[in-house]
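One structure is given below, encoded as structure tokens.
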Amino acid sequence: MKTLDYDLADEQATVALGTALAGAIRQLQGQGFVAYLNGDLGAGKTTLTRGVVRGMGHKGNVKSPTYTLVEPYELDNWQVYHFDLYRLADPEELEYMGIRDYFAAHCCSFIEWPEKGHGLLPQADVTIDLAYHGEQRKITLAAHSSTGKQVLAELEK
Ligand code: ADP
Ligand code: MG
-18 MKTLDYDLAD EQATVALGTA LAGAIRQLQG QGFVAYLNGD LGAGKTTLTR
32 GVVRGMGHKG NVKSPTYTLV EPYELDNWQV YHFDLYRLAD PEELEYMGIR
82 DYFAAHCCSF IEWPEKGHGL LPQADVTIDL AYHGEQRKIT LAAHSSTGKQ
132 VLAELEK
């Protein structure tokens, strides 16, 4: 399995890695992309996603979808979905949200607390683990599909 590890010295480094990841996703031929974000509260999942959303071309604010469960961004050639499933009571709620439409070509999803949606989410192309390391953070990205490998290979360039 292909993995990449980085030390993230501060919040800006986390945002910058998210932006670089967006650059790699934009090299895909429009196939859908799904990332699971794992890590404790405050580990930097939302911060990383903020970098991704900006890197995909969003100019405005990126707010945490803590209460809305998902925040959609309609960008040039991509729809980006930022999920935070922490407050999801039952995976079936995802059905009512119509999430099947979210996992299509030209759609890219970043999912915080994916275990809450177990059974209803597609497999991840890349899993991202964020961990506290003193005041800093460590991140590991692992590819689980050919699309995921393509993205990590691009990120590594
Ligand atoms: P999560 O979504 O995982 O709960 P957030 O991204 O909302 O976490 O919050 C992360 C917090 O940690 C923010 O207050 C941010 O300033 C800080 N932070 C993010 N990345 C780093 C980093 N690499 N080093 C230190 N602090 C960070
Ligand atoms: Mg968060």
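So the sequence shown is numbered by our numbering: it starts at -18 and just counts up by one. Backbone N, C-alpha and C define an ideal beta-carbon position, used for all residues, glycine too.
- For the set Val34, Gln60, Tyr54 and Leu66, the Cα lying nearest the Cα of Leu22 is the one of Leu66.
- For Val51, the closest C-alpha among the options Cys89, Phe64, Glu116 and Val34 is that of Phe64.
- When the alpha-carbon of Pro72 is set against those of Glu96, Lys40, Gln117 and Gln10, the nearest one is in Glu96.
- Spanning the alpha carbons of Thr0 and Arg35 requires a straight line of approximately 7 Å.
- In this structure, the ligand MG has no non-hydrogen atom nearer than 7 Å to the beta-carbon of Asp21.
- Contact between the region 107 to 120 and the region 35 to 48 is absent: fewer than three C-beta pairs spanning the two stretches fall below 8 Å.
- Within a 10 Å sphere around the beta-carbon of Asp(-14) sit fewer than 16 other beta-carbons, which makes this residue exposed.
- Contact between Val132 and Leu9 holds: their C-beta atoms lie close to 7 Å from each other, under 8 Å.
- At a cut-off of 7 Å, the beta-carbon of Lys26 counts as near the ligand ADP: some heavy atom of the ligand is closer than that.
- Under the DSSP definition of a beta bridge, His63 partners with Glu52 and Phe91.
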